[in-house]
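Engineer: Just passing along the structure, written as structure tokens.
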Ligand code: OOB
């Protein structure tokens, strides 16, 4: 395993192999067998473009050879920041084939996040698009390259400016050694942590199992059509079963720009989509607009997850849209619970469903780490065949985020129903969940403390009707109190992604503290919600 990652203990690894979860399958081979046996089969659709399995396979081989000619090879980290485009998939396959490691940034990330990812992983390359909505990512790339000694190459989809166009990374395919399936294949970003974003190593073995198991749970096979409406760089649309799962089973993945109903409904009808993934805030919007736009979504399986789902909303979309809702509890870290399409609809409305794997070990524990009685609420801790054993290159953080016997402390408060379904009831980790987009409070606080007018600050969630939660910064000012606009501009200038900017500002002369001197966020939260 790559240096800086934590392996599973031998005994558990042997169990996961013996049980058939880890089959020595490599992500480098995704789509290959389909390209050989049925090359004209459609793998990807974007806009009016259709890419066959044969074409995808050839392009991935050519790009792998092209990247190799640029000196990129085994275990090299490559920060990938691409929207839902064919290039994302070709590039990931090419990197898997090289044994190089994609680090999947979100399209919304900016200089602060990209700079950290490049520095922390000592990335050799950064791949991005020329611009999004008027924002020039080549400028960001130039800044990050100037401050990251390891970063040798920047590849750009679109107009490359001073850099190299990704479309020119192309060469005659060369034979490449197969990557070791038990090794890291790529990195996902953690949704919640203290301090800077943490990186999650996912191995070929563990992710290939996730793709197979989630496809089986959703009844998704070669005739399936998956609509990626969320960013494909997020685990939910990438591999549950998502775009990579579609390639695994020989299905078609349709890449959409966003979950906005006009685009999504059009694609669902035109491509006969059978499965998609949404975060909860989109459900009422889809239900409102389906009759207006004359969309027929009946029979469509919709995986919803990432944030609290209101039972009333679940009932409404099931009834009005005739969709089959499956409720997912997932984490980029690996654990997944979900309801299945054939479960009674009440199950999806009220629970997050059953574990994906019979060998997922979940323990619900109290504040002292002791297991609570059956059915009681506590923190969810987990280990299993898809769950990481340590974040990349952060041993001190790992020491307290995992129990001594390797269970991940999820920071989520849950209980189990008597019939074995998970119910998420709250959270103890300091994350604001803006309708599925995760804002790590500590990261935002650190940036805000750098503002000259901020003496003390606490960032916390406040209820929001649409997103479920929004971000509130409670600030104790020094002399002149800052305005919300000034703080947002300040964070934007520091290169923070827009979704992490506070939505609301509260000024205080002091913050409440607990007996041990920490900011009492529970008291603050109660005060703000009241
Ligand atoms: C998904 O993954 P992440 O890594 O962005 O976020 C994980 C966190 C969980 O720890 C939990 O706090 C929250 O998101 N969460 C939910 C939830 N599903 C995730 N909270 C309440 N209800 C749910 N159903 O968000 C993700 C990954 C794969 C599939 C779906 C979602």
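Residue numbers (full-length UniProt numbering): 1 to 530. No residue lacks a Cβ here, since even glycine has one placed at the ideal position from N, Cα and C.
1) What first and last residue would you give for the alpha helix (DSSP H) that runs through residue 98?
2) I need the straight-line Cα distance from residue 121 to residue 99, nearest angstrom please.
3) Cβ atoms of residue 173 and residue 35: under 9 Å apart, would you say?
4) Applying the criterion that 16 or more other CB atoms from any shown protein chain within 10 Å of the CB defines a buried residue, is residue 26 buried or exposed?
5) Identify which residue in 6, 217 and 1 has its Cα closest to the Cα of residue 408.
6) Would you call residue 18 buried or exposed, if buried means 16 or more other Cβ atoms sit within 10 Å of its Cβ?
7) Secondary structure at residue 52, three-state DSSP: helix, strand or coil?
8) Can you tell me which of the three DSSP states residue 118 falls into?
9) Between the Cα of residue 460 and the Cα atoms of 437, 447 and 433, which residue gives the shortest distance?
10) Give the straight-line distance between the Cα atoms of residue 144 and residue 113, rounded to the nearest whole angstrom.
11) From the DSSP output, which residues share a beta bridge with residue 203?
12) Are the beta-carbon atoms belonging to residue 197 and residue 101 less than 9 Å from one another?
13) Would you check whether the ligand OOB has a heavy atom nearer than 8 Å to the C-beta of residue 409?
14) Sorted by chain position, which residues of the same chain lie with C-beta nearer than 7 Å to residue 104's C-beta, five sequence neighbours on each side aside?
15) Assuming residue 532 is part of the beta strand (DSSP E), what are its boundary residues?
16) So for residue 143, helix, strand or coil by DSSP?
17) Would you mind reading off the limits of the alpha helix (DSSP H) that contains residue 268?
18) Could you tell me which of 385, 377, 285 and 347 sits nearest to residue 207, measuring between CA atoms?
19) Between which two residues does the beta strand (DSSP E) harbouring residue 588 extend?
20) Could you tell me whether any non-hydrogen atom of the ligand OOB is closer than 8 Å to the CB of residue 521?
21) DSSP three-state call for residue 350: helix, strand or coil?
22) So, for residue 169: in the same chain, excluding its five sequence neighbours on each side, which residues have a beta-carbon less than 7 Å away from its beta-carbon?
Structural biologist: Here's the rundown:
1) Residue 98 -> alpha helix (DSSP H) spans 86 to 98.
2) Put simply, the backbone Cα of residue 121 is about 15 Å away from that of residue 99.
3) Contact flag unset, no.
4) Taking a 10 Å sphere around the C-beta of residue 26, we find 16 or more other C-beta atoms and assign the residue as buried.
5) Closest by alpha carbon: 6.
6) Classification of residue 18: exposed, given that the 10 Å Cβ count is below 16.
7) Correct three-state label for residue 52: strand.
8) In the structure shown, residue 118 falls within a helical segment according to DSSP collapsed to helix, strand and coil.
9) Comparing Cα-Cα distances from residue 460 to each of 437, 447 and 433, the minimum goes to 433.
10) Going by the C-alpha atoms only, they are around 10 Å apart.
11) Paired residues: 184.
12) Result no, Cβ atoms of residue 197 and residue 101 do not sit closer than 9 Å.
13) In this structure, residue 409 has its beta carbon at no less than 8 Å from each heavy atom of the ligand OOB.
14) Result list for residue 104: 80, 186, 187, 188, 189 and 233, in chain order.
15) Residue 532 lies beyond the range of the chain shown here (1 to 530); nothing can be said about it.
16) Three-state DSSP puts residue 143 in a helix.
17) Taken as a continuous stretch (DSSP letters only), the alpha helix (DSSP H) holding residue 268 covers 261 to 271.
18) With respect to the C-alpha of residue 207, the residue from 385, 377, 285 and 347 having the closest C-alpha is 385.
19) Here the chain comprises residues numbered 1 to 530, so residue 588 is not present and cannot be evaluated.
20) Residue 521 Cβ: outside cutoff for every heavy atom of the ligand OOB.
21) Secondary structure at residue 350: helix, using DSSP grouped into helix, strand and coil.
22) 63, 66, 67, 70 and 155.
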